[in-house]
Amino acid sequence: MEGWRAVDEYFTGLLVDEDDALRAARESSVRTVLPMADVAPNQGAFLALVARMCGARRVLEFGTLAGYSTIWLARAVGQDGCVVTLEIDEPTAEVARENFVRAGVSDVVDLVVGPAAVSAEALVDAGAEPFDLVFIDADKPSNPTYLALALRLSRPGTVIVCDNVVRNGAVADAGSDDPRVAGVRAFTDMVAADPRLSGTVLQTVGVKGWDGFAIAVVGES
Numbered sequence: 062m063e064g065w066r067a068v069d070e071y072f073t074g075l076l077v078d079e080d081d082a083l084r085a086a087r088e089s090s091v092r093t094v095l096p097m098a099d100v101a102p103n104q105g106a107f108l109a110l111v112a113r114m115c116g117a118r119r120v121l122e123f124g125t126l127a128g129y130s131t132i133w134l135a136r137a138v139g140q141d142g143c144v145v146t147l148e149i150d151e152p153t154a155e156v157a158r159e160n161f162v163r164a165g166v167s168d169v170v171d172l173v174v175g176p177a178a179v180s181a182e183a184l185v186d187a188g189a190e191p192f193d194l195v196f197i198d199a200d201k202p203s204n205p206t207y208l209a210l211a212l213r214l215s216r217p218g219t220v221i222v223c224d225n226v227v228r229n230g231a232v233a234d235a236g237s238d239d240p241r242v243a244g245v246r247a248f249t250d251m252v253a254a255d256p257r258l259s260g261t262v263l264q265t266v267g268v269k270g271w272d273g274f275a276i277a278v279v280g281e282s
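Following the numbering used here, the numbering of the sequence shown begins with 62 at its first residue and continues without gaps.
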């Protein structure tokens, strides 16, 4: 674990431009409903790179917390873009709002408070324009629900990223009674079974321990 941390710190120190606003957002996560559950700095930079590589202008995020990943994504889409981020907890949302102001991205971010599935369903009902990138990082048992909603809000070419899919290796245990593991496995089963989706999973080790991202792209129906 110490070796993982040292490698993360080495590469982050060289390659990741985490300014004062991002650092303040990351540190403020202690005031949220899930302290210190935000992505790591190098993972935030990874999300921003994915957004830029797919030319994202509209991003949907399930799970805001302190808004750390939201800021990375908002800066990636630029002033002409939009990040819609869904957060269930109002006090946590207030922390995120403060961070968006500090980071200068308030005009780019639309923070919706309420259960993420309900908020996303409302977007579907409202005929929201499809999103270019979807980042799923909320309650893990609901991952299959979030994926189904993400697909309804996507188009061919939309990229879907889901965080925390390895669970310290527990995801490989088909008999696990952990609902978070069950949610990840159901999500992965859905990706495998849906002919519209092409995806893979990358395991990660580092300051956040042993985990990983699932990433998929939506193809033609």
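We put the beta carbon where it would ideally sit given N, CA and C, even for glycine.
Rounded C-alpha distance that separates Asp200 from Arg241: 8 Å
Mind checking Asn229: buried by the 16 CB within 10 Å criterion, or exposed? exposed
Which of helix, strand or coil DSSP assigns to Asp234: coil
Using only alpha-carbon positions, find the residue among Thr125, Ile132, Ala137 and Val166 that is nearest to Asp150. Thr125
Using a Cβ-Cβ cut-off of 8 Å (strictly less than) and excluding sequence neighbours within five positions of Tyr129, which residues of its own chain qualify? Leu83, Ala86, Arg87, Ser90, Asp99, Val100, Gly105 and Asn160
For a minimum of 4 consecutive residues, which ranges assigned as the alpha helix (DSSP H) are wholly contained in the region 194-225? 204-213
For Ala10, which option in Gly267, Ala277 and Val268 has the closest C-alpha, if you only look at C-alpha atoms? This structure cannot settle anything about residue 10, because the visible part of the chain is limited to 62 through 282.
Going by C-alpha distance, which of Phe72, Ala231 and Phe123 is nearest Thr206? Phe123
Closest residue to Ser81 among Val174, Val162 and Val173 (Cα-Cα distance): For the sequence presented, residue 81 should be read as Asp rather than Ser. Comparing Cα positions, the closest option is Val162.
Cα separation between Leu75 and Asn103? 10 Å
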